[in-house]
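Asks: Take this structure, written in structure tokens, and hold onto it; I'll ask about it next.
Numbering (full-length UniProt numbering), first residue to last: 1 to 326.
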């Protein structure tokens with residue numbers, strides 16, 4: 001089986017996988033010399049196919065992922081489009097698709113266009129986010145004036161009732177993992193079927209949740225059959241699974257056990273801003289961290305958003321940490 005993987009967010013990239021082996025991986029940042037370059041173009045696609053020594057006709061499936069609600073800039077790739085039509089080669093069940101149908105939810109109402117919303121906004125022009133993404137998006141003007149074809153990105157997937165109440169890390173450690181393994185929503189709830197048209201070929205595709213993509217890259221390249229996996233990004237205040245997931249990998253399957261409710265990424269980002277480290281400064285701060293000393297470490301902060309909030313009777317971890325440092 002040959003899978004074409006396409007990441008359209010910042011640090012955009014294309015990969016080709018055959019029977020579990022990565023044949024090629026091409027990052028747009030490397031070809032464009034634009035740091036954290038957003039999206040992918042015909043150039044990266046052609047390079048990935050050439051390095052893998054395959055043709056478009058050889059592709060069996062395509063996976064599509066983005067980040068931070070950024071839309072798919074499909075206009076950067078020649079003869080490429082995405083539709084939400086069913087494909088004859090879709091073989092994996094999609095509880096999310098079933099849920100949308102049963103609830104009469106129109107998927108178009110859930111698609112996000114973060115770049116367009118950002119670049120067309122006068123109010124956001126002086127924000128750090130605008131500055132960062134402007135530098136990373138060579139096609140900023142085309143996005144702003146609607147001259148670049150795009151498809152909204154789906155970043156809302158299944159949400160279990162047990163996830164709606166905040167769970168601390170200590171409580172997660174008490175989970176009965178076996179109770180998750182037979183839950184179809186957990187196993188197959190973080191993808192959505194789409195149809196890809198690429199150079200005249202119709203390909204069965206799937207939108208993949210951002211954190212599932214992170215977890216998959218770790219688990220499937222680890223060599224382990226049983227693994228505990230945690231993903232985390234610099235997003236949000238710890239609520240929902242957008243900040244990251246705790247997962248269990250077993251027998252080639254990934255089972256999301258819970259949102260991790262961490263806010264470490266937000267903390268790194270806030271401190272990087274305080275230190276004036278510039279765009280994507282949290283990455284620089286993480287690189288510097290191993291060379292420092294844990295001067296501000298305190299065991300009471302080793303928890304997630306809800307664990308710390310209950311311990312201190314306050315919800316805002318960032319303000320609590322700043323007060324502690326003073």
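Even for Gly, the Cβ is constructed at its ideal location relative to N, Cα and C.
Once you ignore the five residues that flank residue 219 on each side, which residues in its own chain have a CB closer than 7 Å to its CB?
Replies: 227, 229, 249 and 254
Asks: From 79, 90 and 43, pick the residue whose C-alpha is nearest to that of residue 62; which is it?
Replies: With distances taken between Cα atoms, residue 62 lies closest to 90.
Asks: Check residue 198 in the structure and name its three-state DSSP category.
Replies: strand
Asks: Take the Cβ of residue 193 as the centre, count every other Cβ of all protein chains shown within 10 Å, and call the residue buried at 16 or more, exposed below.
Replies: Residue environment for residue 193: buried (at least 16 other C-beta atoms within 10 angstroms of its C-beta).
Asks: Since residue 184 and residue 93 are thought to touch, with beta carbons under 8 Å apart, how far apart are those beta carbons, to the nearest angstrom?
Replies: 7 Å
Asks: Under a three-way DSSP split, which group does residue 134 fall into?
Replies: helix
Asks: When DSSP labels each residue in this structure, what does residue 67 get in the three-state scheme?
Replies: Coil, per DSSP.
Asks: Distance, Cα to Cα, residue 212 vs residue 78?
Replies: 28 Å
Asks: In the DSSP assignment, find the unbroken alpha helix (DSSP H) run with residue 318 in it and report its ends.
Replies: 317 to 325
Asks: Taking C-beta to C-beta, are residue 153 and residue 112 nearer than 8 Å?
Replies: By the CB criterion at 8 Å, residue 153 and residue 112 fall inside the cutoff.
Asks: Is residue 20 near residue 73, with beta carbons less than 8 Å apart?
Replies: No, these two residues do not count as a Cβ contact at 8 Å.
Asks: Report yes if the CB atom of residue 197 is closer than 8 Å to the CB atom of residue 306, and no otherwise.
Replies: no
Asks: Who are the Cβ neighbours of residue 175 in its own chain at under 8 Å, not counting the five residues just before and after it?
Replies: 257 and 258
Asks: Just confirm the distance between the C-beta atoms of residue 279 and residue 131, as a whole number of angstroms; I'd bet it's less than 8 Å.
Replies: Rounded, the Cβ-Cβ distance is 6 Å, consistent with contact.
Asks: Could you tell me which of 270, 290, 302 and 326 sits nearest to residue 318, measuring between CA atoms?
Replies: 270
Asks: Assuming residue 100 is part of the alpha helix (DSSP H), what are its boundary residues?
Replies: 95 to 102
Asks: If you drop the 5 nearest sequence neighbours on each side, which residues of the same chain put their C-beta closer than 6 Å to that of residue 23?
Replies: 16 and 52
Asks: Given a cut-off of 8 Å on the beta-carbon distance, is the pair residue 7 and residue 65 in contact?
Replies: yes
Asks: Under the assumption that residue 140 contacts residue 119 (Cβ atoms under 8 Å), give the Cβ distance between them as a whole number of angstroms.
Replies: 6 Å
Asks: Just verifying my parser: in three-state terms, what is the DSSP assignment at residue 294?
Replies: In the structure shown, residue 294 sits in coil (DSSP, three-state: anything other than H, G, I, E or B).
Asks: Am I right that residue 210 and residue 67 are in contact with their C-beta atoms under 8 Å? What's the rounded C-beta distance?
Replies: 5 Å
Asks: Would residue 321 and residue 297 qualify as a contact pair, given that the criterion is a beta-carbon distance under 8 Å?
Replies: Cβ distance not < 8 Å, so residue 321 and residue 297 don't count as in contact.
Asks: Among the residues of its own chain, which have a CB less than 6 Å from the CB of residue 27, if the five just before and after it don't count?
Replies: 13
Asks: Which residues in the same chain have their Cβ closer than 8 Å to the Cβ of residue 34, if we skip the five residues on either side of it in sequence?
Replies: Within the same chain, and ignoring the five residues on either side of residue 34 in sequence, the residues whose Cβ sits closer than 8 Å to its Cβ are 28, 135, 136 and 138.
Asks: Would you list, in sequence order, the uninterrupted alpha helix (DSSP H) runs of no fewer than 4 residues that lie entirely inside the stretch 5 to 49?
Replies: 28 to 32
Asks: Kindly indicate the opening and closing residues of the beta strand (DSSP E) around residue 253.
Replies: 253 to 259
Asks: Let me check understanding here. Comparing Cα to Cα, which of 124, 172 and 116 lies closest to residue 146?
Replies: 116
Asks: Looking at C-alpha atoms only, which residue of 286, 252 and 251 is the closest neighbour of residue 267?
Replies: 286
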